[in-house]
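If you're matching them up, the sequences are chains L and Z in order. When the first sequence is numbered by our numbering, its final residue is 482 and no position is left out of the sequence of numbers. When the second sequence is numbered by our numbering, its final residue is 1029 and no position is left out of the sequence of numbers. For glycine and all other residues, C-beta sits at the position ideal for the given N, C-alpha and C. Quick caveat, the model's predicted, so the values are computed rather than measured. Here is the structure we will look at.
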Amino acid sequence: MIFWQLFVSYLKIGFFGFGGGYAMLSLIQNEVVVQHAWMTNSEFADIVAVSQITPGPIAINSATYVGYTVGSQAGSAWWGVLGAVVATAAVCLPALTLMLLITRFFLRLKHNRIVEGAMLGMRPVVIGMIASAALLLIFPHNAAADERNFIDAWSWLLFGGVLVGQWRRVNPILLIVLSAAAGILIYRIF
Amino acid sequence: MTFTLFRSFLKIGAFTFGGGYAMIPIIEHEVIDRRAWIDRADFLDLLTLAQSAPGPIALNTAVFVGYKVHGFRGALASIAGVVIPSFTVILLVALLFADIRHNPWVDAAFRGMRPAVVALIVAPVLSLSRGMHRALYGVIVAAALAVWGLGWSPIYVLAAAAACGIAWEMFLAKKLRR
C-alpha cells in the first residue's frame, strides 16, 4: 500500500535525520530515489530547488511534495493531498515524541552533573555547527552557478545590511521582506 | 495560550527560508524578545537539545518551546504552527504553480533573499558566542571546520563533545576546584 510505504519512509527520515536541513538531504534522496524509485534524481533536484523558495524546513517541504506526487500518480489529486498529509505527519512524529521525552528529561534533570557536563561540551559545538552551515552557504563545495547565494556586490551589500539590522535588533521578518523587495528592485526592475 | 503559541509558530514557519538555522533569529525575536517564553540564557541550551535530537531543528525547537510553555498541548500547537505554512505553500506549488521556479519575479526576489538568509545564520553565531569562556572559542572554530571543511557528521562531533564535557565535569572540574 502506497500510503503505508510513504508513512514508513518519512518516519525513518524523521527518526534518523540528524543535523537538520541539508544534512538530511542524502537520507531523503536515498529513500525517495534509490529505495522506492518514486522519482528520478532530476525530479528530486527540482524539489530541493522548490524547497529553497518556499518557507519551512526542507524535510517538511520534501515530505509534502513527495507525498503529493506519489499519491497523485497512484490516483487522483485527492490521493495526492492524502499522500501529502501522511508523509508530513510521519516526518513530524519522531520530533513530537522523541523531542518531547528529551525536553521533559532535560527540564527535570537540568542540574544533574552528567547532563550539565554533556551540555557544557555540546554548547560550543552547536555554535560551530551553525557557523559551518553559514560557511557552506558562503563557500559551497559544489553549487551550480544559479544556486550560489552570493552573485555580485549587491549580494554582499544585502548581507552586510541584514547583519547590521540584526545587530540593531530589527525584526528579522521585516529584514527578509525588505531583502526580497530589494532583490526585485535590483534584478528585475532596474 | 495554546492559540498564541500556534500563532507565533505560524509566523516563524511562514518566514523561515533556506533551512532550520535561518529561523534562529526569528525565534529569538518572537519567543525571547516579544513573548519572554524563554530566557536568553537558556536559548543556547534549547538549540543544543534541538540539534542533538533527530529530525528537523525547526520541529524540535517548536516542541521544546511549546512543551515548556503549555505542556503537551503547547507542543502540539507549536508543531502545527510550524508545519502548516510549509505544507500549504508546497501543496499550492504542486497543484497550481509547478513552474514557479522559473518565474523571473520570484527569481529576483530570491536573489535578494539568499544573502539575507546567510546573514540570519551568521548573526546568531556572533550573538551566541558572546560571553563564552575564551577557551571555548577554539572549540567553536574546531567544530565548524570539522563539519564544514572535513565533512564530519554533526552527530559524531556532538557525541564526542558530550563525552568530553561529561568527563570534564566528573573528573577534572572537581580536581581543579580543590
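Taking the alpha-carbon of residue i as reference, which of the options has the nearest alpha-carbon?
{"i": "L:M391", "options": "Z:Y918, Z:A970, Z:D950, Z:L946", "result": "Z:Y918"}
{"i": "Z:A993", "options": "L:P432, L:V417, L:S447", "result": "L:V417"}
{"i": "Z:A997", "options": "L:Q321, L:R440, L:S424, L:T356", "result": "L:S424"}
{"i": "L:F295", "options": "L:G306, L:Q365, L:T332, L:I352", "result": "L:Q365"}
{"i": "L:L393", "options": "Z:V914, Z:I883, Z:T867", "result": "Z:V914"}
{"i": "Z:W999", "options": "L:P432, L:I443, L:R440", "result": "L:P432"}
{"i": "Z:R965", "options": "L:G363, L:G452, L:C384, L:G309", "result": "L:G452"}
{"i": "Z:G963", "options": "L:A351, L:T332, L:L427, L:I443", "result": "L:I443"}
{"i": "L:T332", "options": "L:V362, L:R405, L:L385, L:N353", "result": "L:V362"}
{"i": "Z:H921", "options": "Z:N954, Z:A892, Z:M852", "result": "Z:M852"}
{"i": "Z:I1017", "options": "L:K304, L:R405, L:L317, L:A355", "result": "L:R405"}
{"i": "Z:A901", "options": "L:I305, L:S318, L:F398", "result": "L:F398"}
{"i": "L:A410", "options": "Z:I863, Z:L1023, Z:A1013, Z:R924", "result": "Z:A1013"}
{"i": "Z:P955", "options": "L:A472, L:T389, L:V462", "result": "L:A472"}
{"i": "L:L450", "options": "L:M293, L:L467, L:S334", "result": "L:L467"}
{"i": "Z:A928", "options": "Z:D884, Z:D890, Z:H953, Z:K862", "result": "Z:K862"}
Buried or exposed: residue i, going by 16 or more other Cβ atoms within 10 Å of its Cβ?
{"i": "Z:H984", "result": "exposed"}
{"i": "L:I481", "result": "exposed"}
{"i": "Z:G871", "result": "buried"}
{"i": "L:R460", "result": "exposed"}
{"i": "L:G348", "result": "buried"}
{"i": "L:V324", "result": "buried"}
{"i": "Z:Y1007", "result": "exposed"}
{"i": "L:L429", "result": "buried"}
{"i": "Z:F938", "result": "buried"}
{"i": "L:V456", "result": "exposed"}
{"i": "L:R400", "result": "exposed"}
{"i": "L:L298", "result": "buried"}
Please list, in chain order, all residues of the same chain as residue i whose beta carbon is under 6 Å from its beta carbon, the five residues on each side excluded.
{"i": "L:A329", "result": "none"}
{"i": "Z:A865", "result": "P936"}
{"i": "L:L470", "result": "none"}
{"i": "Z:W1003", "result": "A997"}
{"i": "Z:A904", "result": "N911"}
{"i": "Z:V944", "result": "I951"}
{"i": "L:L374", "result": "G363"}
{"i": "L:G372", "result": "Y360, G363, S364"}
Would you kindly check if the distance between the Cβ of residue j and the Cβ of residue i is under 9 Å?
{"i": "L:Q344", "j": "Z:G869", "result": "yes"}
{"i": "Z:L910", "j": "Z:V933", "result": "yes"}
{"i": "Z:P907", "j": "L:A387", "result": "yes"}
{"i": "Z:E879", "j": "Z:F860", "result": "no"}
{"i": "Z:V916", "j": "Z:L1009", "result": "no"}
{"i": "L:Y302", "j": "Z:I941", "result": "no"}
{"i": "L:I422", "j": "Z:L987", "result": "no"}
{"i": "L:T395", "j": "Z:A926", "result": "yes"}
{"i": "Z:I991", "j": "Z:S978", "result": "no"}
{"i": "L:G413", "j": "Z:W1019", "result": "yes"}
{"i": "L:A369", "j": "L:G309", "result": "no"}
{"i": "Z:A974", "j": "L:V377", "result": "no"}
{"i": "Z:A1011", "j": "L:I476", "result": "no"}
{"i": "Z:I877", "j": "L:I305", "result": "no"}
{"i": "L:A355", "j": "L:T389", "result": "no"}
{"i": "Z:D1079", "j": "L:R415", "result": "In the structure as shown, chain Z starts at 852 and stops at 1029, and residue 1079 of chain Z therefore has no counterpart that could be examined."}
Please check if any C-beta of chain A sits within less than 9 Å of the C-beta of residue i.
{"i": "Z:G932", "result": "Chain labels in this structure do not include chain A; the protein chains are L and Z."}
Near residue i, what residues of its chain come up, given a Cβ to Cβ distance below 8 Å and the 5 sequence neighbours on each side ignored?
{"i": "L:E408", "result": "K402"}
{"i": "L:V300", "result": "A382"}
{"i": "L:N353", "result": "I339, V342, S343, T346"}
{"i": "L:C384", "result": "G306, I352"}
{"i": "Z:F854", "result": "A928"}
So residue i contacts chain Z; which residues on that side make the cut at Cβ distance below 7 Å?
{"i": "L:N441", "result": "R965, P966, V969"}
{"i": "L:P432", "result": "Near L:P432 there are no residues of chain Z at all, since even the closest Cβ is about 10 Å away, more than 7 Å."}
{"i": "L:V454", "result": "A967, A970, L971"}
Please return the same chain residues whose Cβ sits closer than 7 Å to the Cβ of residue i, not counting the five positions on each side in sequence.
{"i": "Z:V976", "result": "none"}
{"i": "Z:A873", "result": "T867, V968, L971, I972"}
{"i": "L:Y357", "result": "I339, V342"}
{"i": "L:F336", "result": "Q321, V324, V325"}
{"i": "Z:A931", "result": "F857"}
{"i": "L:I478", "result": "W446"}
{"i": "L:A426", "result": "none"}
Please list the partners that residue i has in chain Z, where partner means a Cβ-to-Cβ separation under 8 Å.
{"i": "L:I345", "result": "F868, I951, R952, V957, F961"}
{"i": "L:P386", "result": "P905, G906"}
{"i": "L:V340", "result": "In chain order: nothing, as chain Z lies at least about 11 Å away."}
Which residues in chain L have a C-beta closer than 9 Å to the C-beta of residue i? List them in chain order.
{"i": "Z:K1026", "result": "In chain order: nothing, as chain L lies at least about 14 Å away."}
{"i": "Z:W1019", "result": "G409, L412, G413"}
{"i": "Z:M852", "result": "What Z:M852 touches in chain L: nothing, since even the nearest Cβ is about 17 Å away."}
Show which residues of chain L have a CB atom less than 8 Å away from the CB atom of residue i.
{"i": "Z:S980", "result": "P416, I419"}
{"i": "Z:S937", "result": "T346, P347, G348, P349, I352, N353, T356"}
{"i": "Z:F860", "result": "Near Z:F860 there are no residues of chain L at all, since even the closest Cβ is about 11 Å away, more than 8 Å."}
Using a cut-off of 7 Å between C-beta atoms, extract the partners of residue i located in chain L.
{"i": "Z:G925", "result": "Neighbours of Z:G925 on chain L: none; closest Cβ ~11 Å, over 7 Å."}
{"i": "Z:H921", "result": "The premise fails here: Z:H921 is roughly 12 Å from chain L at the closest Cβ pair, so nothing lies under 7 Å."}
{"i": "Z:T899", "result": "M411, M414, R415, V418"}
{"i": "Z:F889", "result": "The residue you asked about is not Phe; residue 889 of chain Z is Ile in the sequence shown. Those do not exist, as Z:I889 stays about 12 Å from chain L at its closest Cβ, beyond 7 Å."}
{"i": "Z:V882", "result": "Per Cβ cutoff of 7 Å: no residues; Z:V882 is ~12 Å from chain L at best."}
For residue i, which residues in chain Z fall below 9 Å Cβ to Cβ?
{"i": "L:V373", "result": "L942, L946"}
{"i": "L:W330", "result": "Neighbours of L:W330 on chain Z: none; closest Cβ ~14 Å, over 9 Å."}
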